[in-house]
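**Student:**
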Amino acid sequence: MRFDGDSARGLLAAAVALGVGELAALVVRPSASPLVAVGGAVVDTAPAALKDFAIRTFGVHDKAVLLGCVVVVVAVVAVFVGRASARWPLIAVASIGCASTAAATVAAGRPAAGPLDVVPSVVSGLAGAAALLTALACRGGRARQRVFPPGLLPEVLTRSAPEARRSAGRRIFLAGSLGLLVVAAVGGVAGRLAGSGRAVAATFRLPRPASPAKPLPQGADLRIPGLAPFTTPNHDFYRVDTALVVPRIDPREWTLRITGMVDRPMEITLEDLLARPLVERDITLTCVSNEVGGPYAGHARWLGAPLLNLLREAGVRRGADQLLSVSADGFTCGTPLAAVMDGRDALLAVAMNGEVLPAEHGFPARMVVPGLYGYASATKWVVDLRLTTFAAEQAYWVRRGWAADGPVKTMSRIDVPAPLARVPAGPVQVAGVAWAQRRGVAAVEVRADDGPWSPARLADVPGIDTWRQWVWTWQATPGTHRLEVRATDGTGRTQQTVRVPPFPDGATGDHSIVVTVP
Ligand SMILES: Nc1nc2c(c(=O)[nH]1)N[C@H]1C(S)=C(S)[C@@H](COP(=O)(O)O)O[C@H]1N2
Ligand SMILES: [Mo]
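Dropping the structure here:
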């Protein structure tokens, strides 16, 4: 296919449409942008295997990659529309209309969408069509005559004008479109940045915990370079969610409803929540999508209200077995009620490592339940707690085939040396983390080249709900070697060595790395 003026016209129209759509979304609602709405719908409808692949391959960049793909698809379609526009201008305009209507429909159907959410898509379509028609008019020739009856266009754009004035008109159009594009691009980016600043502006003071966490034991952090620190700083904490745009919630307007199978439905404000006795606990959070040796695990000290007390106040009815939590962007999580009520530190958290929750991690409030993977327990931007049954309602990932219950599997990981590192001969520190929330890590063993297992030295831990650092000294000899780790939990069970992928209930298998000793 040749790239020519027709294709360029299509691309220009698409770029103007997308840019204007972003700009309009700034005024309406960031997630109402046609790009974000369609991207979000793709996320929600994509098959589980594809999502699994995206998380595995692109990691935290999965969202950028997805939006990039949507833009590429739009660009390809735009080239075809541009090429068709010379012969069939009305069909080209109609297809822009269809695309914009489709985007508007998708935007209106997104969770938490209001009636205004169609506006960015509609405005975007109008801008795209206007850009295409103007470009056609500038081009002149037969296509122009077919779309524009004589006398409709400004004289500078028409044949009757002298060539010099006509090309001046074309230049004005080109400059105008480029100007619009720059405004839209700059406005879009600046708006998104301003949006991130807004949440920081409206924040709140954290109360003191009624029940502070025990100080971390001296030896919790082995402080080995390259080893994940015991407490993960907030800005390094992994992020996994379906939100293409981070929800920005005004804490003054936030409320949490407790409904469903309860005797006394409740609605509490953030002020109510902060006035309750809050507890502070050390809990390690892990993601079911984490591959063996993967990075989706982090540790933080959380401050929050025990869910148990809240639910007791609401009065859970007999028969309920699922706590369905709903986030401001429509994501849902199904937590076994038994896990929330069995006395573990299931929290409605407002702070992470001494700071209000970062926007990316659920500001102003999220759930944290030790021992369950995040998809089944850790709803960020939570606004609804619905008491229900597993038989009656399925949560977001369960509808997509993931297990309804999500207990964390015992897992261990080698952080140092790095995979494929070159290490000197002689004693080498091999170190990493292991986790088995709710059961605790009782032992970690390491071996080289399928030799005998040796016990690693375990760091101290504050309890059974956190990960545990470990270190082992290996006598390295020249050659290429494979180092392998496995953990045993507090019940005496050693982690499953059979390799299974994350879908549908979490990966298993021993982590191993290969290193070279010169
Ligand atoms: N609203 C919302 N909450 C969510 C998710 C999500 O997609 N949306 N993902 C869950 C998953 S799969 C995990 S592993 C944890 C990750 O929490 P983090 O991003 O703070 O590390 O959040 C959970 N809470
Ligand atoms: Mo997850």
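Residue -8 in the working numbering is what sits at position 4 of the sequence shown, and the numbering runs on without skipping anything. Ideal Cβ placement from N, Cα and C applies to all residues, glycine included. What you are looking at is a predicted structure, and each value in this text was computed from that prediction instead of being measured.
Distance check for TYR226 and CYS321, CA to CA, integer angstroms please.
**Tutor:** As a first step, residue 321 must be located in the sequence shown, where it is residue number 333. As a first step, residue 226 must be located in the sequence shown, where it is residue number 238. Near 18 Å, if we compare the C-alpha coordinates of TYR226 and CYS321.
**Student:** Compute the beta-carbon to beta-carbon distance between ARG426 and GLY497, rounded to the nearest angstrom, for a pair I have assumed lies under 8 Å.
**Tutor:** Counting from 1 along the sequence shown, the entry for residue 426 is found at position 438. Counting from 1 along the sequence shown, the entry for residue 497 is found at position 509. In fact, because the Cβ distance is near 21 Å, the residues do not count as touching under 8 Å.
**Student:** Answer yes or no: do PRO324 and ASP393 have a C-beta to C-beta separation smaller than 7 Å?
**Tutor:** As a working note, residue 324 is residue 336 in the sequence shown. As a working note, residue 393 is residue 405 in the sequence shown. Contact: yes.
**Student:** Within a Cβ cutoff of 7 Å, which residues of the same chain sit near VAL4, ignoring the five residues on either side of it in sequence?
**Tutor:** Locating residue 4 in the sequence shown gives position 16, counting from the first residue. Closer than 7 Å at the Cβ level, and outside the excluded window around VAL4, lie ALA115, GLY116, ALA119, SER165, LEU168 and LEU169.
**Student:** Please give the ranges of any alpha helix (DSSP H) in the region 257 to 296, keeping only runs that are unbroken, at least 4 residues long and fully inside the region.
**Tutor:** With a minimum length of 4 residues, the continuous alpha helix (DSSP H) runs that stay inside the region 257 to 296 are 258 to 263.
**Student:** Roughly how many angstroms separate the alpha carbons of TRP290 and ASP453, rounded to a whole number?
**Tutor:** Locating residue 290 in the sequence shown gives position 302, where the first residue counts as 1. Locating residue 453 in the sequence shown gives position 465, where the first residue counts as 1. One C-alpha to the other measures close to 12 Å.
**Student:** Going by DSSP in three states, ASP32 sits in which element: helix, strand or coil?
**Tutor:** As a first step, residue 32 is located in the sequence shown; it is residue number 44 there, counting from the start. DSSP places ASP32 in helix when its eight states are reduced to three.
**Student:** Could you tell me which residues DSSP pairs with ILE79 in its beta bridges?
**Tutor:** The sequence position of residue 79 within the sequence shown is 91, counting from 1. Partner(s): none; ILE79 has no beta bridge.
**Student:** For ligand 2, enumerate in chain order all residues having a CB closer than 7 Å to any of its heavy atoms.
**Tutor:** Output, sorted by chain position: VAL228, CYS275, VAL276, SER277, TYR284, TYR361, GLY362 and TYR363.
**Student:** Verify the contact flag: ALA366, CB atom, against every heavy atom of ligand 1, threshold strictly below 6 Å.
**Tutor:** Taking the first residue of the sequence shown as position 1, residue 366 is located at position 378. Under cutoff, so the answer is yes.
**Student:** Going by DSSP in three states, VAL188 sits in which element: helix, strand or coil?
**Tutor:** The residue labelled residue 188 in the question sits at position 200 within the sequence shown. With a pLDDT of 47 at VAL188, under the threshold of 50, the modelled position of that residue is not reliable, and no figure is offered here.
**Student:** Does any heavy atom of ligand 1 sit closer than 6 Å to the C-beta of THR230?
**Tutor:** Your numbering for residue 230 matches position 242 in the sequence shown. Within the cutoff, so yes.
**Student:** First and last residue of the beta strand (DSSP E) that includes ASP372?
**Tutor:** For the purposes of this step, residue 372 is identified with residue 384 of the sequence shown, where counting begins at 1. Looking at the DSSP string, the run of the beta strand (DSSP E) that includes ASP372 is 370 to 376.
**Student:** Taking only runs of the beta strand (DSSP E) that begin and end inside the region 284 to 368, which ones reach a length of at least 3 residues, in chain order?
**Tutor:** If we require 3 residues or more, the beta strand (DSSP E) runs fully inside the region 284 to 368 come out as 285 to 294, 310 to 315, 320 to 324, 335 to 340 and 354 to 356.
**Student:** For LYS397 and SER88, what's the separation of their Cα atoms in angstroms?
**Tutor:** Against the sequence shown, residue 397 aligns to sequence position 409. Against the sequence shown, residue 88 aligns to sequence position 100. Taking the straight line from one Cα to the other gives about 46 Å.
**Student:** Since ALA391 contacts ASP229 with CB under 8 Å, what's their CB separation in whole angstroms?
**Tutor:** Position 403 of the sequence shown, counted from the first residue, corresponds to residue 391. Position 241 of the sequence shown, counted from the first residue, corresponds to residue 229. That pair is no contact at about 19 Å.
**Student:** So is the beta-carbon of PHE319 under 6 Å away from any non-hydrogen atom of ligand 1?
**Tutor:** Stepping through the sequence shown from its first residue, residue 319 is reached at position 331. Answer for PHE319: yes, Cβ within range of ligand 1.
**Student:** Have a look at SER199, GLN483 and GLN484 and flag the residue whose alpha-carbon is nearest the alpha-carbon of ASP333.
**Tutor:** Residue numbering aside, residue 333 sits at position 345 when the sequence shown is read from its first letter. Here the closest residue by C-alpha is SER199.
**Student:** Name the two residues that bound the continuous beta strand (DSSP E) containing ARG474.
**Tutor:** Residue mapping note: residue 474 aligns to position 486 of the sequence shown, counting from 1. It spans 467 to 477 - the beta strand (DSSP E) in which ARG474 sits, taken as one unbroken run.
**Student:** Look up ALA72 in the DSSP assignment and say whether it is helix, strand or coil.
**Tutor:** Here residue 72 refers to the residue found at position 84 when the sequence shown is read from its first residue. Of the three classes helix, strand and coil, the one that applies to ALA72 here is helix, per DSSP.
**Student:** Tell me which residues share the same chain as VAL81 and place their Cβ nearer than 6 Å to its Cβ, disregarding the 5 neighbours each side in the sequence.
**Tutor:** Within the sequence shown, numbered from 1, the residue matching residue 81 stands at position 93. So the list reads ALA117, once near-sequence residues are dropped.
**Student:** Between which two residues does the alpha helix (DSSP H) holding LEU6 run?
**Tutor:** Taking the sequence shown and counting its residues from 1, the one referred to as residue 6 is at position 18. That run of the alpha helix (DSSP H) goes -7 to 16.
**Student:** Say yes only if the C-beta of TRP390 is nearer than 6 Å to one or more non-hydrogen atoms of ligand 1, and no if none qualify.
**Tutor:** Position 402 of the sequence shown, counted from the start, is the residue given in the question as residue 390. No, the beta carbon of TRP390 sits no closer than 6 Å to any heavy atom of ligand 1.
**Student:** Relative to ligand 1, is the shortest distance from any of its heavy atoms to the C-beta of TRP423 smaller than 6 Å?
**Tutor:** Here residue 423 corresponds to residue number 435 of the sequence shown, with the count starting at 1. Not so, every heavy atom of ligand 1 lies at least 6 Å from the Cβ.
**Student:** May I ask you to report which of helix, strand or coil DSSP gives LEU446?
**Tutor:** Numbered from its first residue, the sequence shown carries residue 446 at position 458. Residue state, collapsed to three classes: strand.
**Student:** May I ask you to check if the CB of HIS469 is nearer than 6 Å to at least one heavy atom of ligand 1?
**Tutor:** Here residue 469 is taken as the residue at index 481 of the sequence shown, counted from 1. No.
**Student:** Among ALA13, VAL386 and THR465, whose alpha-carbon lies nearest the alpha-carbon of PRO35?
**Tutor:** As a working mapping, residue 35 is identified with position 47 in the sequence shown. The shortest C-alpha separation from PRO35 is found at VAL386.
**Student:** Should the region 345 to 362 be regarded as contacting the region 263 to 280, the criterion being three or more beta carbon pairs within less than 8 Å?
**Tutor:** Touching, yes, given that three or more Cβ pairs across the two stretches are closer than 8 Å.
**Student:** Cα separation between LEU335 and ASP50?
**Tutor:** The sequence position of residue 335 within the sequence shown is 347, counting from 1. The sequence position of residue 50 within the sequence shown is 62, counting from 1. C-alpha separation (whole angstroms): 29 Å.
**Student:** I'd like the span of the beta strand (DSSP E) that includes TRP455, first residue to last.
**Tutor:** The count along the sequence shown starts at 1 and reaches residue 455 at position 467. Taken as a continuous stretch (DSSP letters only), TRP455 belongs to no beta strand (DSSP E), as it is neither H nor E.
**Student:** Helix, strand or coil: which one does DSSP assign to PRO415?
**Tutor:** As a working note, residue 415 is residue 427 in the sequence shown. Note: PRO415 maps to strand in three-state DSSP.
**Student:** Suppose the cutoff is 6 Å on Cβ atoms and the five residues either side in sequence are ignored; what does the same chain contact list for LEU104 look like?
**Tutor:** Here residue 104 refers to the residue found at position 116 of the sequence shown. Contacts found: VAL16.
**Student:** For ARG245, which residues from the same chain have a beta carbon less than 6 Å from its beta carbon, with the 5 sequence-adjacent residues on both sides left out?
**Tutor:** To locate residue 245, count along the sequence shown from 1; it is residue 257. Closer than 6 Å at the Cβ level, and outside the excluded window around ARG245, lie GLU255 and ASP372.
**Student:** Where does GLN206 sit, in a helix, a strand or coil, going by DSSP?
**Tutor:** If you number the sequence shown from 1, residue 206 lands on position 218. Residue state, collapsed to three classes: helix.
**Student:** For GLY303 and ARG264, which I take to be in contact (beta-carbon distance under 8 Å), what is that distance rounded to the nearest angstrom?
**Tutor:** Here residue 303 corresponds to residue number 315 of the sequence shown, with the count starting at 1. Here residue 264 corresponds to residue number 276 of the sequence shown, with the count starting at 1. The pair is not a contact, with the Cβ atoms about 17 Å apart (cut-off 8 Å).
**Student:** Does DSSP put GLY497 in a helix, in a strand, or in coil?
**Tutor:** Along the sequence shown, one-based indexing puts residue 497 at 509. The answer is coil: DSSP assigns GLY497 none of H, G, I, E or B.
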